[in-house]
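Down below is the structure, laid out as structure tokens.
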Amino acid sequence: MVKFTVEELRRIMDLKHNIRNMSVIAHVDHGKSTLTDSLVAAAGIIAQEVAGDVRMTDTRQDEAERGITIKSTGISLYYEMTEESLKNYKGERNGNEYLINLIDSPGHVDFSSEVTAALRITDGALVVVDCVEGVCVQTETVLRQALGERIRPVLTVNKMDRCFLELQVEGEEAYQTFSRVIENANVIMATYEDPLLGDVQVYPEKGTVAFSAGLHGWAFTLTNFAKMYASKFGVDENKMMERLWGENYFDPATKKWTTKSTGSSTCKRGFVQFCYEPIKQIINTCMNDQKDKLWPMLQKLGVTMKADEKDLIGKALMKRVMQTWLPASNALLEMMIFHLPSPSKAQKYRVENLYEGPLDDMYANAIRNCDPDGPLMLYVSKMIPASDKGRFFAFGRVFAGKVSTGLKVRIMGPNYIPGQKKDLYVKSVQRTVIWMGKKQESVEDVPCGNTVAMVGLDQYITKNATLTNEKEVDAHPIRAMKFSVSPVVRVAVQCKVASDLPKLVEGLKRLAKSDPMVVCTMEESGEHIVAGAGELHLEICLKDLQEDFMGGAEIIVSDPVVSFRETVLEKSCRTVMSKSPNKHNRLYMEARPMEEGLAEAIDDGRIGPRDDPKVRSKILSEEFGWDKDLAKKIWCFGPETTGPNMVVDMCKGVQYLNEIKDSVVAGFQWASKEGALAEENMRGICFEVCDVVLHADAIHRGGGQVIPTARRVIYASQLTAKPRLLEPVYLVEIQAPEQALGGIYGVLNQKRGHVFEEMQRPGTPLYNIKAYLPVIESFGFSSTLRAATSGQAFPQCVFDHWDMMSSDPLEAGSQAGQLVADIRKRKGLKEQMTPLSEFEDKL
Amino acid sequence: MDFQWSYEIPRTVEFIRSRGFSRVALQFPDELLKDSTRVARALRHELGKGVRLYVMADTAYGSCCVDEVGASHVDAECVVHYGHACMSPTSTLPALFIFGKAFINVNACAESLLQCLSVSNKPVLVLYGLEYAHALQDLKSVMSKLLSSRGSNQMLYYSEVAHSSINPSGYHIKDIKLPESHEDAITDGEIIKNGESEVSNKLESGTKYSLGGLTWTTQSEHKMEDHLLFWIGSDNSAFANMVLTFNSCEIVRYDAKEGKLLNDFSQQTRILKRRYFLVEKAKDANIVGIIVGTLGVAGYLHIIQQMKELIEKAGKKCYTIVMGRPNPAKLANFPECDVFVYVSCAQTALLDSKEFLAPVITPFEAVLAFSRGRQWTGEYIMEFQNLMASDATEIVDDNEGARFSFLKGCYVEDHQPQENNGDQKEMPLALAEMTEKALNVRNQCTDSVLFKGTARSGAEYLAARSYQGLNMQYENAPLQSYVVGRTGRASGYDDEIE
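Those protein sequences? They're chains A and B, same order as listed. The first sequence begins at 1 in our numbering and counts up one residue at a time. The second sequence begins at 1 in our numbering and counts up one residue at a time.
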């Protein structure tokens, strides 16, 4: 029973004012998918009765089994508003029909990349917050991301049913809880003052906050109640709205509104009096099966039930009654239509975030005006595996123009540079498809402002790309997405049967395409590595790899591999020297640790090889106390020319020095990628070239002589500067009730973690704990924690920083020494580190 | 050890006399050079005045190969090669190989072999380093005695030394006749046979294999993978060659010096994995250096040509460099090359040291890396005669779409080979494109060109270098005053010695 047809849907796609692209974002388990279901139900794709149980957007089997969302799923909804309900809508519109392109995104931090991809192609976000748990870590993270992309949020306080059934909270207490939740969200949003976007905070009295119970499929905004009471009290709807929130009290005894509680027992807050209490009353009557009381009440509210529904009892009855009275879809969809921007509105200000090229060219203008007749500008945000093995849909959003079946498009990949031929293909779209939950429907074309999936481009698009018309050669691409997490958990995979190698290789290629975040690489030793954002992410990826992309061929997965960094603790104890193979050239060098914060500054790109030397020397001298002249003598950064190590020229008056600079840098790039301890990347080391002796004849000081020597002297200086290992550390956030705290501390202690913040969530029995946890100890952390707290604590881990291990790796038997030995063994290197004498030469 | 016996003086004399050579080059590796005068004297004593003998110092290339270039300097008619040999076919001169005779305790060896037979139910194939070839007859007789006493009927095969001399025999690539064999067989053509080779050998007896101077045949019902390989000898390049070629076989090694049986070859499988990594790395390369590491092995010119075509077709740039015995310092003189293909005989081809700035791969690996759509299936070909033969089948060209790079962990685009024809036809467009390029803003940061391998030709690399060579200022060069240089040795000049 689908209430609408593809043709209908396609027709509304042209009405750019009547489209809303929005994503549903929230912390894990706050009920995004369940809430989405009730919206889908309203569109008639699934039956109202099962809404809340099906989780329409969890299309994968493992999603359904685990009860979490893994992939973001798009769904197009058709919604027809009544003329009456739209009378207050001030914006532009064409008729009463609306198309809502909704993307349900995962809430677990491991899948943040999916959220990023979803946000890019939407204009608004429905932020779902659990009314009891409040604003959590991931709520905050995704909210910030959304605002960074200039996405307007609306809020829904979800799981209202818990208030009524589970916790039995009194009205005033509930109000305080809700208002705190909203306030917390607003605190985050307030930091994103943006003149173009305007005020992004949410206010219940303005209708930008909804209260919902996704599981039971009902929701309301104050608008619903305001409408109801406005006629009764004979006041203006807007005025009524304002009275239903904040410091407005009503005493039915005196029939008077006050701004302070009069202290009389009948005087209650407007919200409590007119919204909370009636709902509570209805729910209680339903639950207690007091049908004789119920029917008159419902009649008063104008709710009519079908005959067969009247036979229901208890929870089922309650669910049905509430759904009929306050259908979630009405409240939420109305809120979206009223308060979230249409593409034509949103693209006016989002163009600055989106377009890389000049903001006054025809492409920028086409995006700005959401012009269906302009040049095609389409951003592919992710690749979705298709049902036929090995193929992918390219899923994205049309920002300008139209994409149609058979259209020849110019595909600009992430490495495309305007004017060059690199990463550029011209291919035709085989089919354009729109997504309706578990089904896909082909359409002839899709105009701007909509999301679309395309067939036939998967060979040319790796993860994301910008598409434009074949002839638009001067178009710039749309800016690449920035992810908030990085792939830090790595495992080595190999196939059980050697002859399956081609399958594995092919599978890894597909895996890399299907997930925006996963990275498939190879170690120097020839092992295939799969890296993901977290343990869960990796688990899902490996499952996909084996079952979907390798046709079930068996793979062997190693224990998680953590990458370390090599650094130094002090300045080299002496200037070390190495001679070139022909003994005619000598390099003198010292290593020293970088100033605190400098490595991070290089990571963030505040300091880098492309800087203006003047700006760089200003930052270095003002923030890190460098000598101004010295700052100009940085030869290079490394590894990969941008890494957090550098070579500085400290020589005075050396002849031919410019000749060997490139060779020394080449040696440095090499050495900083594979440090002397365990061939891990170096980090935070500054190498100072102290002196150089070169052969007078150019032929004897070529790259062949200098590159290996530079490498050796860098190793020698590293080894003489008290080398240390850096280990990656997670920031863990845990939310748990007080009685679980003991267990949490126990597990953290056992895993070398330490808590640095413990805060009680105001108004709740829940505590928020922030701790640092070494990544290497984090494997199995979630399950241990759950066991130790009987499932009450749920951690979220995000990579935070590198932490120096205090023990000396050069000392055999020390913790760091053992680690180095293990890494060397895994990499197939000689177990013993190469001694300093191999790198350092004597006169 | 008996000198005459070890250096096989009588056999050498017989070889030279029977063919009537008058100018003979004797090639010794460095470690045997100390015996060269004695050998030469002994030979001259036998041969008399009519034959001129030349002792050649070690070659600039692999000492296992016949140094034909060196020999032609003295206009020699044949080469007598001493020491370890790879038995690669020569292109112009006939050669006699004297492997030398290393000591082996035959009884201990037989004991180990028996032990192997008792634990494994696979047929056992005995292979050995050529320096142990002399002991084969003894071993066979000891083994047959032991086996018959036990009544074991397990299958045991021995490989034979194919021949100890090589004739160039008018080698032409077109003459390679592919013997019919099942897919996994590493077969050689008729190239290295002496003409008198018995072709009848492989009639019903299955497949004939040849590797590093050894030949053997397997029963037709067995594939190579079904055998247990028993190697007698040290862990040298010949052994590594064998392990890589038959990487799917179970292999044990009997070390004759230590008298021990070794069967842990995790290191060898590691090498295979590492080679796999190098192949992946080569796929990302833009500039390829072809190192010519032999001037003697038959077919080297052909393989170089083939490599050049392959690399060009893959849209990469290649430079050919002649270099004997590459080492890190020599190769680092070409920092613009992202990868080197080392064309040399099978046993010196594997160069893997972490000391090299850029990876060095074999021609076989280059074929894997540079032909699109070709996957490594586990087989490994070391000798390029086999490679030339196996490469006859053209690979399906799917030059479209991006290629996945396992090093970068993402898809990358390969450069398409220049389509010159198309450009020339559309002259007006070509001109426009040229000017467009001319007006491009030069990439200000040269780091990525220099150190991340994005340069596409040597010229581009040079342009990015901060130092581009001496700028000769012929006119108005300022006069430099005369300076006294340093004296002494480079390891410590006189003014530095305290």
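C-beta atoms are modelled at their ideal positions from N, C-alpha and C, and glycine is treated no differently. Remember, it's a predicted structure, so these values are computed and weren't measured experimentally.
If contact means a Cβ-Cβ distance below 8 Å, which residues of the region 707 to 724 of chain A contact chain B? I707, P708
Beta-carbon proximity check, B/S248 vs B/T294, cutoff 9 Å: no
Applying the criterion that 16 or more other CB atoms from any shown protein chain within 10 Å of the CB defines a buried residue, is A/I714 buried or exposed? buried
Taking only the alpha-carbon atoms, compute the straight-line gap between A/S578 and A/W626 and give it to the nearest angstrom. 27 Å
Counting only Cβ pairs nearer than 7 Å, list the residues of chain B close to A/D662. L450, R465, S466, Y467
Which residue comes first and which comes last in the alpha helix (DSSP H) that contains A/A364? 362 to 369
With DSSP as the reference, please indicate the residues paired to A/M377 in a beta bridge. A/A400
Whole angstroms are fine: how far does the CA of A/L467 sit from the CA of A/F779? 40 Å
Contact list for B/F404 against chain A, beta-carbon separation under 7 Å: K509, A512
A/T324, DSSP secondary structure in three states: helix
Flag A/M377 as yes if its beta-carbon sits less than 9 Å from any beta-carbon of chain B, otherwise no. no
Neighbouring residues, chain A, relative to B/L407 (Cβ below 9 Å): T521, M522
With 9 Å set as the bound, which would you pick, yes or no: does the beta-carbon of B/L516 sit closer than that to a beta-carbon of chain A? Limits of chain B in this structure are 1 at one end and 498 at the other, which puts residue 516 of chain B out of reach.
Span of the alpha helix (DSSP H), counted from its first residue to its last, around A/V181: 171 to 190
How is A/M13 classed by DSSP in three states: helix, strand or coil? helix
Looking at A/E149: is its Cβ nearer than 9 Å to the Cβ of A/N353? yes
Which residues in chain A sit within 9 Å of B/F277, going by Cβ to Cβ distance? M522, E523, E524, S525, G526, E527
Count Cβ pairs between the region 288 to 308 of chain A and the region 155 to 171 of chain A that sit closer than 8 Å; are there 3 or more? no
Burial state of B/L350, where buried means 16 or more other Cβ atoms lie within 10 Å: buried
Does any residue of chain B have a CB that is nearer than 9 Å to the CB of A/T641? yes
Where A/Q494 sits in the DSSP three-state scheme: strand
Kindly indicate the opening and closing residues of the alpha helix (DSSP H) around A/P593. Not the alpha helix (DSSP H): A/P593 falls in the beta strand (DSSP E), residues 586 to 593.
8 Å CB neighbourhood of A/G552 in its chain, flanking five on each side removed: Q546
Does DSSP put A/W670 in a helix, a strand or coil? helix
Taking 9 Å as the threshold (beta carbon to beta carbon), is B/K330 in contact with chain A? yes
For A/D29, is the classification buried or exposed, using 16 other Cβ atoms within 10 angstroms of its Cβ as the cut-off for buried? buried
At 8 Å on the CB atoms, spell out the chain A contacts of B/R355, in chain order. Just to set this straight, residue 355 of chain B is Glu in the shown sequence, not Arg. The answer, in chain order, is P708.
Verify whether the separation of the beta carbon atoms of A/T73 and A/D37 is less than 9 Å. no
Say whether chain B places a C-beta atom closer than 9 Å to the C-beta of A/L620. no
Report the three-state DSSP secondary structure of B/F246 (helix, strand or coil). coil
What's the call for A/A666, buried or exposed, on a 16-neighbour Cβ count within 10 Å? buried
From the beta carbon of B/N440, is the nearest beta carbon of chain A less than 9 Å away? Confidence is the limiting factor: at B/N440 the pLDDT is only 48, short of 50, which leaves the residue's position unreliable, though a coordinate-based value still follows. At least one chain A Cβ lies under 9 Å of B/N440.
What does the alpha-carbon distance come out to for the pair B/S353 and A/E114? 42 Å
Quick one: what's got a C-beta closer than 6 Å to B/E365's C-beta in the same chain, skipping five residues either side? V279
Return the CA-CA distance between A/L569 and A/R724, expressed in angstroms with no decimal places. 6 Å
Could you confirm whether any beta carbon from chain B is found closer than 9 Å to the beta carbon of A/S844? Since the first residue of chain A shown is 1 and the last is 843, residue 844 of chain A is not available in this structure.
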